[in-house]
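One structure is given here, and the rest of the page talks about it.
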Amino acid sequence: MPVTIDLRKLSDYREAVSQTVDVLAHGELVILPTETVYGVAARAMDVSAVTRLVEAKGRPEGKPFALAVAGVDQLAAYVPNWSPLGERLARRSLPGPVTLVYDVSHRDSAFWRLPAQVQAWVGAEGTAGFRVPAHEFVLEVLRSLAEPLVLTSANLSGKPAPVTAEESLDQLGDRVALAVDGGPTRYAQPSSVVRVGQSGFEILRPGVLTEQNLRRLSAPMLLFVCTGNTCRSPMAEAFARKILGEKLGCPPDALEEHGIIVSSAGIAAASGLTASPEALSAVAVMGIDLHQHQSQPLSESLVRCADAIFVMTHGHREEIIHRWPQAASRVHLLHPEGKDIEDPIGGSPEDYQACAREIELAVKRRLEELPFL
Numbered sequence: 000m001p002v003t004i005d006l007r008k009l010s011d012y013r014e015a016v017s018q019t020v021d022v023l024a025h026g027e028l029v030i031l032p033t034e035t036v037y038g039v040a041a042r043a044m045d046v047s048a049v050t051r052l053v054e055a056k057g058r059p060e061g062k063p064f065a066l067a068v069a070g071v072d073q074l075a076a077y078v079p080n081w082s083p084l085g086e087r088l089a090r091r092s093l094p095g096p097v098t099l100v101y102d103v104s105h106r107d108s109a110f111w112r113l114p115a116q117v118q119a120w121v122g123a124e125g126t127a128g129f130r131v132p133a134h135e136f137v138l139e140v141l142r143s144l145a146e147p148l149v150l151t152s153a154n155l156s157g158k159p160a161p162v163t164a165e166e167s168l169d170q171l172g173d174r175v176a177l178a179v180d181g182g183p184t185r186y187a188q189p190s191s192v193v194r195v196g197q198s199g200f201e202i203l204r205p206g207v208l209t210e211q212n213l214r215r216l217s218a219p220m221l222l223f224v225c226t227g228n229t230c231r232s233p234m235a236e237a238f239a240r241k242i243l244g245e246k247l248g249c250p251p252d253a254l255e256e257h258g259i260i261v262s263s264a265g266i267a268a269a270s271g272l273t274a275s276p277e278a279l280s281a282v283a284v285m286g287i288d289l290h291q292h293q294s295q296p297l298s299e300s301l302v303r304c305a306d307a308i309f310v311m312t313h314g315h316r317e318e319i320i321h322r323w324p325q326a327a328s329r330v331h332l333l334h335p336e337g338k339d340i341e342d343p344i345g346g347s348p349e350d351y352q353a354c355a356r357e358i359e360l361a362v363k364r365r366l367e368e369l370p371f372l
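Those letters in the sequence shown? Residues 0 to 372, per numbering that gives the first Met the number 0, in order.
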């Protein structure tokens with residue numbers, strides 16, 4: 000029987016991660032917990048190890064394994080030509096309970112750096128499936144290895160996917176060198192397998208994420224950011240909703256049903272504040288009602304999900320990029336000429352109305368520039 004590590008008895012994963020990496024580096028198979036079902040893994044660059052994985056599973060031909068990678072940045076190397084939809088789904092759903100299947104035929108794809116025999120086991124018709132498990136121990140192993148794992152459910156082909164280490168060991172115990180026990184899995188069902196195209200997706204295997212979940216995850220999202228989220232960014236959000244609603248022929252509050260998400264936030268915002276009275280008055284004369292607005296602070300989740308983040312000032316942009324450097328390419332000044340849209344706080348009603356008009360014109364220009372709308 001293999002060595003077993005019980006993560007529930009450890010206060011620090013570091014030694015367990017090191018032991019797991021060492022076993023994988025020596026070409027052995029390891030049972031690993033994930034958030035969906037238990038998996039069995041081999042180093043993708045080790046043909047002998049992957050061969051043993053194929054034999055251990057009794058996997059029939061034509062059913063490719065998934066590649067587990069450490070994150071979206073590593074995944075991007077395998078899909079250098081992915082579409083905005085493909086990048087959006089990866090950014091929003093990973094790490095998470097989904098296997099995303101992408102076209103890896105591009106000549107610059109890291110897929111072609113895998114051994115030829117491994118390519119045959121993980122690829123099918125120019126595509127490959129990728130997992131970034133939402134399990135911190137597995138992610139630490141992947142980061143430490145700095146290379147992908149071939150990962151599949153820890154069961155014999157045709158048998159139910161295991162949701163505990165004990166179930167995995169019952170089926171594969173004599174075929175692996177190490178089993179990592181993380182307790183029962185969170186979802187107790189397999190990941191959703193989703194093939195991602197240039198402009199749409201197809202669910203190949205139902206799983207944790209439903210079609211409704213995936214449609215929301217795939218919807219373009221615009222985010223407007225100011226300081227307190229009670230004046231400039233709520234006005235920008237409202238103008239964007241109005242313009243897009245007119246374009247799509249729907250009410251501003253029904254945009255999400257038409258596949259577009261528009262939101263706003265503040266870098267130093269409190270939660271649940273209404274729009275300022277001055278902002279309410281300034282846009283009311285322009286046919287905009289902000290009475291339902293509630294402020295929210297800018298968060299990592301909002302930044303990760305937004306396809307385009309429009310800020311009012313250079314200072315806002317610098318602050319966001321400092322906190323989330325990976326979002327730099329998606330953070331833009333709202334003013335199309337790169338000017339700051341100054342906070343009208345303390346100004347006259349005329350100052351607020353001038354600010355509102357400036358924001359409206361800027362939003363119109365920016366929406367015309369966006370390729371995904």
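Each residue gets a CB set at the ideal place from its N, CA and C atoms; glycine is no exception.
Going by CA-CA distance only, name the one from the options that's closest to residue i.
i	options	result
residue 155	30, 316, 22 and 182	30
residue 301	319, 311, 287 and 161	319
residue 233	161, 279 and 191	279
residue 115	152, 84 and 45	45
residue 203	220, 235, 98 and 212	98
residue 228	93, 102, 368 and 342	342
residue 61	127, 137 and 220	127
residue 322	344, 337, 299 and 312	299
residue 18	369, 141, 152 and 281	141
residue 148	59, 288 and 110	110
With a 10 Å radius around its C-beta and 16 neighbouring C-beta atoms as the bar for buried, classify residue i as buried or exposed.
i	result
residue 21	exposed
residue 327	exposed
residue 0	exposed
residue 73	buried
residue 224	buried
residue 112	exposed
residue 170	buried
residue 314	exposed
residue 209	exposed
residue 8	exposed
Taking only heavy atoms of the ligand PLP into account, decide whether any of them is closer than 6 Å to the Cβ of residue i.
i	result
residue 228	This structure lacks the ligand PLP, and indeed carries no ligand of any kind.
Identify the continuous alpha helix (DSSP H) that holds residue i and give its terminal residues.
i	result
residue 136	135-144
residue 234	231-247
On the DSSP letters alone, give me the boundaries of the beta strand (DSSP E) that residue i sits inside.
i	result
residue 108	Element bounds for residue 108: n/a, residue is neither H nor E.
residue 85	Element bounds for residue 85: not the beta strand (DSSP E) but the alpha helix (DSSP H), 83-92.
residue 130	126-130
Using the C-alpha atoms, what's the distance from residue j back to residue i?
i	j	result
residue 362	residue 303	21 Å
residue 297	residue 175	45 Å
residue 356	residue 292	19 Å
residue 360	residue 48	60 Å
residue 212	residue 91	11 Å
residue 216	residue 96	13 Å
Contact criterion: CB-CB distance below 7 Å. Does residue i meet it with respect to chain D?
i	result
residue 138	Within the model displayed, chain D is absent; a lone protein chain is all it includes.
Run through DSSP, which three-state label would residue i get?
i	result
residue 269	coil
residue 50	helix
residue 102	strand
residue 290	coil
residue 152	strand
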